[in-house]
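Our numbering puts the sequence shown at residues 4 to 140. The beta carbon of each residue, even a glycine, is placed where N, CA and C say it ideally should be.
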Amino acid sequence: MTLKDTLNGTDRFAKMIGAQLTEVREGYARAELTVGENHLNGAGVCQGGVFYTLADLSFAAVANCRGILTLGISNTITLLKSAQKGDRLIAECTELLDHHKLPYCDIRVTNQDGELVAVMTGLAYRLKKDFPFDGLM
Numbered sequence: 004m005t006l007k008d009t010l011n012g013t014d015r016f017a018k019m020i021g022a023q024l025t026e027v028r029e030g031y032a033r034a035e036l037t038v039g040e041n042h043l044n045g046a047g048v049c050q051g052g053v054f055y056t057l058a059d060l061s062f063a064a065v066a067n068c069r070g071i072l073t074l075g076i077s078n079t080i081t082l083l084k085s086a087q088k089g090d091r092l093i094a095e096c097t098e099l100l101d102h103h104k105l106p107y108c109d110i111r112v113t114n115q116d117g118e119l120v121a122v123m124t125g126l127a128y129r130l131k132k133d134f135p136f137d138g139l140m
């Protein structure tokens, strides 16, 4: 099973909200989600946790793409623009530093019009444990 299939199948929370990895390469991943009724907060716009979960899924793919179990330890997200029901959100994660213990990534979330709606940085910790998979995609 590929890393993409593994994370799409085993990240239960991301799966429950409809977030899905669509592309995984070494040092890069893309995850997507369409905002539905169940994603809206009390103000009628997309709940911030949806942005975070989508960004975090792309971050998980990049952090784990080298086959070593890696977990996020510090993430900072800034929400720049709200999203409405029907919007398509795309999170793209790029690895900025492939440190042997503490990889660091930049995640940008855009909507279907290419507008930047959120930015996140992610710092992870690589455990001394293999995370086996058969290819990235």
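So, residue i versus residue j, is the Cβ gap smaller than 9 Å?
i    : j    : result
L105 : C49  : no
L60  : A86  : no
L10  : T73  : no
K18  : I71  : no
A127 : Y107 : yes
D90  : R69  : no
In whole angstroms, give me the CA-to-CA distance for residue i and residue j.
i    : j    : result
I76  : F136 : 23 Å
V120 : F134 : 32 Å
G52  : G39  : 14 Å
T79  : E35  : 19 Å
A46  : Q115 : 21 Å
T56  : A66  : 15 Å
L24  : L83  : 22 Å
G117 : T37  : 14 Å
I20  : H42  : 8 Å
Can you tell me which of the options puts its alpha carbon nearest to the alpha carbon of residue i?
i    : options                  : result
A32  : K132, D109 and K84       : D109
L99  : T73, Q115, V112 and T124 : T124
M140 : Y107, D14, E29 and T13   : E29
N44  : K88, E118, V112 and D101 : K88
V122 : K7, A58 and G12          : A58
Leaving out the 5 sequence neighbours to the left and right, which residues in its chain are closer than 6 Å to residue i when beta-carbon positions are compared?
i    : result
G138 : T5
E26  : R33
T13  : none
Could you tell me how far apart the beta carbons of residue i and residue j are, in whole angstroms, since I believe they sit closer than 8 Å?
i    : j   : result
C185 : F54 : The requested residue 185 is not part of the displayed model; the chain covers only 4 to 140.
Using a Cβ-Cβ distance under 9 Å, would residue i count as near chain B?
i    : result
H102 : Absence of chain B from the displayed structure is noted, only one protein chain being present.
Skipping 5 residues on each side, what residues in its chain have a beta carbon closer than 8 Å to that of residue i?
i   : result
T81 : A121, V122 and M123
Spatial neighbours of residue i within its chain, please: CB distance less than 7 Å, with the 5 preceding and 5 following residues excluded, ordered by chain position.
i    : result
R111 : E95, L119 and V122
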